[in-house]
Structure formats: structure tokens, C-alpha cells
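Protein chains in written order, with this note's numbering: chain A, 1 to 180; chain B, 1001 to 1238.
From the three backbone atoms N, C-alpha and C, an ideal C-beta is built for every residue, glycine too.
Below, the structure written as C-alpha cells:
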């Protein structure tokens, strides 16, 4: 029992992308998914108890070992990552796609009230969004949706993990009350 | 208001478009979006447009569309509402609905940026994972349409003759094939041309795959390059 947990831990260390239960199920044949799920939960508890440099995050349909945000500055001194740095306009466009997908460009521009061509190209380049196809209406516009990379970058389990509009509104009120 | 104040505000906010300007005015005057003083906001909005013109800011037509919407709402509010009892919806709703939607998406964007972002707040063990970049020691050339067609002909020659004239009603569409190929790219970043054609593919599948690749090239979703020595054609996801 104990061993399964540490086999999974070793896999987590080597995995290049979030490791999902099905993938482990293919490797650890005969181990029930429930057990794998429990192993993840226990590992996570161990990391939380230890409060070390990393923790276990559930992202993009799998699990991944990530460094704790507290140590971001040290890591940045160490590796100088290519900054994500999305402009406010890019974030807004991305949020609209995330919430309204699948969506075509004119619908995005209708909400933002401004041309989004350049931003869409940039988001495509960064693989945060992708083209799903074309809508069969005049002009056959491209249909956009977010990618797995989007979930990974924004620390989301899946699309349902996005806060609901009600939650956003509630948070907005809370923060404005806070300011007063 | 002094000209300096105008100047400062504009540099920060103006390029975000008419909705952003509207939000800015509403916040500045601390008005309720459900009870917008249209006359005041319209006047201010037009003043900003004047300033933008004076500063030679290349103003997008979107700003003018919003200006005319505002003017129209303003004039409709002057008409007595009792003319048509069934149709006395507040004309400002036309403004409020998109504004609400815009503000909702704006705060959704803020919430997103507050998360622990990968590569910004939190990191994975192998941070160099996006190094699918071309190895500079290997010389690649961009492949033109004709090289692609040559490669396609070779694939067609390799189809086993038995599976050639099969007509299958429920074959996959080009669009579905593009989605499949994008999925492959999302896990691997690059793939060779031949890998996209399975060994036992029938002719229609081969053709659909080829059309999918051409479409993806046209949409600038992939870059197709050929190794100068081995002749292997490789596709990179952009």
C-alpha cells in the first residue's frame, strides 16, 4: 500500500506534464483508480504537513509537483523565466474565451468593443487558445477555445474550476467593501 | 479639469477602447451603472473624443459607434415614455447589458491574473519544457506546397491496393482531423509528416489528413520544415 504511493511520487517527479489517474492506471495495472486517487491525496497531505518548497497541485486534469508561490523570487533569480506578462487587454480577451468558448472573434470584439486580431494571434502563439474550426455562417469565421496549456498556466483543474459569474460578482463586492 | 489631468488619464486608459472609456467615466463620476446620467456621460465622452483628435491619436471607428449609441439613447430618453405603454423599457438598458457583461469579464480577467501563475508564481521541475525549438545545428528549410504534394504522392503509393476503392460513409471530416492533429501537437509540439498517416489508413483518411495539414498551414497553425540532409518533413505547432 505504502509502496503504491511512492511509485506514484517517483512518477510525478519524472513526469513532464500533469499526471492523470488513467495514465498511472496503465502503468500500475491492477491498482484501482480509487487507490491512486487516495495516494495523491495522501502525498498532498504529506507535502502540506512538511510545508517544504513544493506542493502537489491538481491542474489540467492531472497532478503536478510545483514550487510554492512563497519562493517565486528565489526561483526567478535562479532561472530568469520568460515572463508570462499578459497585458490587461490580453487577459480580458482570454477571460472572454475561457467563459464563452467556443466563440468567434466578432463575439469577443462585441463584448470588448474593440478589435482583437493582434491579441488573438499572440494568445495563439503562446498556445493559451486554439482554433477549433470554422463556424458555418457567412465569412466562415474561426472558432476559438482555450487549451490544456491555459489550464496549466492558470492553475486550474478543468474549465469548471473557473469561478462562476456569481462568485466573481461576490468577490468583486467583497474587495470593494474591503477598500472602504 | 485642467488639460494636464486629461492628458494623464488618456495615456493610461484610452487605447483600451470605447467600453473602457465608458467604464472610466462611470467610475470617475461614481455613478450607478443602473442609473447612468446619460447626458453627462455623453458630454464627457465626446469631450474625450475631441481630446483624442487634438492629440492626433489614431481613433478607431469603435469610439464613434459608441458615441452615436450614447447620443441615440440620450434622445430617446427625451421622448415621453407614455406614448407606447408596452414598450417603455428604459433605453439605457441597451447600454447597461453590454456594460454589465464587460465588467463581469473584466473582473474575471482580474481573478485569473490573481491565481498562482505557472512560470510567474509557481514552477515545475523541468522549466525548459517548451524547448521544442529547432536545433540550430540542423539545417531546415521551409517546405513549399509542391514538396508537400510530392510527399503526399509517396504516401498514396504506399497504401495497400486492397483498401483503395473503399467508400465509407462515416469517414472523419477535415475539421475533426484538425482537432485530432492539434491534440497530438499539444502533447508533442512537433511531428513528422509521415507519422500523421497511419500505416493501414485508407485513401479517404489519407486525403482528409492531407487536406487538414494544408488547412492548418493556411491558418498559420503549423510550420512545415524539411531537414536538408535526411529529407524528413516535420511539422511544428506555432
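CB contact check: residue i to chain B, cutoff 8 Å
| i | result |
| --- | --- |
| residue 75 of chain A | yes |
| residue 165 of chain A | yes |
| residue 105 of chain A | no |
| residue 49 of chain A | no |
8 Å Cβ cutoff met for residue i and residue j
| i | j | result |
| --- | --- | --- |
| residue 129 of chain A | residue 150 of chain A | yes |
| residue 1116 of chain B | residue 141 of chain A | no |
| residue 55 of chain A | residue 46 of chain A | no |
| residue 59 of chain A | residue 156 of chain A | yes |
| residue 112 of chain A | residue 96 of chain A | yes |
| residue 1237 of chain B | residue 1204 of chain B | no |
| residue 1099 of chain B | residue 1022 of chain B | yes |
| residue 1225 of chain B | residue 1172 of chain B | no |
Within-8 Å CB hit, residue i to chain A
| i | result |
| --- | --- |
| residue 1125 of chain B | yes |
| residue 1027 of chain B | no |
| residue 1186 of chain B | yes |
| residue 1203 of chain B | no |
| residue 1018 of chain B | yes |
| residue 1035 of chain B | no |
6 Å Cβ shell around residue i - same chain, five flanking residues per side excluded
| i | result |
| --- | --- |
| residue 1193 of chain B | 1151, 1233 |
| residue 1211 of chain B | 1174 |
| residue 1028 of chain B | none |
Straight-line gap, residue i to residue j (C-alpha atoms, nearest Å)
| i | j | result |
| --- | --- | --- |
| residue 33 of chain A | residue 21 of chain A | 7 Å |
| residue 1121 of chain B | residue 125 of chain A | 22 Å |
| residue 1186 of chain B | residue 1017 of chain B | 33 Å |
| residue 85 of chain A | residue 127 of chain A | 14 Å |
| residue 1105 of chain B | residue 92 of chain A | 6 Å |
| residue 1124 of chain B | residue 1118 of chain B | 8 Å |
| residue 100 of chain A | residue 107 of chain A | 9 Å |
| residue 1070 of chain B | residue 110 of chain A | 16 Å |
| residue 139 of chain A | residue 89 of chain A | 25 Å |
Residues of its chain near residue i, where Cβ-Cβ distance is below 8 Å and the 5 sequence neighbours each way are ignored
| i | result |
| --- | --- |
| residue 102 of chain A | 132, 143, 144, 145 |
| residue 12 of chain A | 19, 43, 56, 63, 64, 65 |
| residue 71 of chain A | 53 |
Same chain only: Cβ atoms within 7 Å of residue i, ignoring 5 sequence neighbours per side
| i | result |
| --- | --- |
| residue 1031 of chain B | 1037 |
| residue 1039 of chain B | 1074 |
| residue 1044 of chain B | 1025 |
| residue 35 of chain A | 4 |
Buried or exposed (CB count within 10 angstroms, at least 16 for buried), residue i
| i | result |
| --- | --- |
| residue 63 of chain A | buried |
| residue 1054 of chain B | exposed |
| residue 162 of chain A | buried |
| residue 1079 of chain B | exposed |
| residue 6 of chain A | exposed |
Interface residues of the region 1106 to 1124 of chain B facing chain D [CB-CB below 9 Å]: Given the protein chain composition of this structure (A and B), no chain D is represented.
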